[in-house]
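Peer 1: If you scroll down you'll find the structure; I have some questions about it.
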Amino acid sequence: MLLRLHHVAIICSDYAVSRRFYTEILGLAVLAENYRAERDSWKLDLALPDGGQIELFSFPSPPPRPSWPEACGLRHLCFAVADVAASRRELLARGVAVQDIRIDEYTGRRFVFLSDPDGLPLELYEAALVG
């Protein structure tokens, strides 16, 4: 029934900061950007390399996301990368706090966690290249 993940929606507290993070730091391309006056809200559609999308929304005074301790619901977003160590170095060079590299005990693959500007946990996972 399901074909693939189409998009993930993220609500941010500071649109300019989050827009910069997802476009300039993570390098996602802007597909569309619209201000919705009736909601006092921005909606930014970002392209993921596999055809999926991230929808970045801003709303006035959104409540904080419970992350610590971890709460029920979506735990984190994970992005596949070719080289976790290189990705980590690049993010550190851009001023992003990134945890130490860990090894998945079941697959033996490397991964690392970081947070977006609102503390949303993001994972970079070293995936096998298909091709």
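Using the working numbering, the letters of the sequence shown correspond one by one to residues 2 to 132. For each residue, glycine too, the CB sits at the ideal point set by N, CA and C. Predicted model only: the values in this text are computed from it and were never measured.
#1: Within the continuous alpha helix (DSSP H) that includes residue 92, where are the two ends?
#2: Work out the CA separation of residue 37 and residue 60 for me, nearest whole Å.
#3: For residue 17 and residue 120, what's the separation of their Cα atoms in angstroms?
#4: Are the CB atoms of residue 116 and residue 125 within a distance shorter than 8 Å?
#5: By Cβ distance, which residues of its chain are closer than 8 Å to residue 26, with the 5 residues on each side in sequence left out?
#6: Reducing DSSP to helix, strand and coil, say where residue 102 ends up.
#7: With distances taken from CA atoms, which of 31, 34, 55 is nearest residue 136?
#8: According to DSSP, is residue 107 part of a helix, a strand, or is it coil?
#9: Considering only the beta carbon of each residue, do residue 63 and residue 14 sit closer than 8 Å?
#10: Enumerate in chain order the residues of its own chain whose CB-to-CB distance from residue 22 is below 7 Å, with the five nearest sequence positions on each side excluded.
#11: Please specify which runs of the alpha helix (DSSP H), each continuous and at least 4 residues long, are wholly inside the segment 11 to 62, giving them in chain order.
#12: Just mark residue 75 as buried or exposed, buried being the case when its beta carbon has 16 or more other beta carbons within 10 Å.
Peer 2: Let's see:
#1: 85 to 94
#2: 10 Å
#3: 15 Å
#4: no
#5: 92, 95, 97
#6: coil
#7: The structure shown does not extend to residue 136, since the chain is modelled only from 2 to 132, so the question has no answer here.
#8: coil
#9: yes
#10: 117, 118
#11: 16 to 21
#12: exposed
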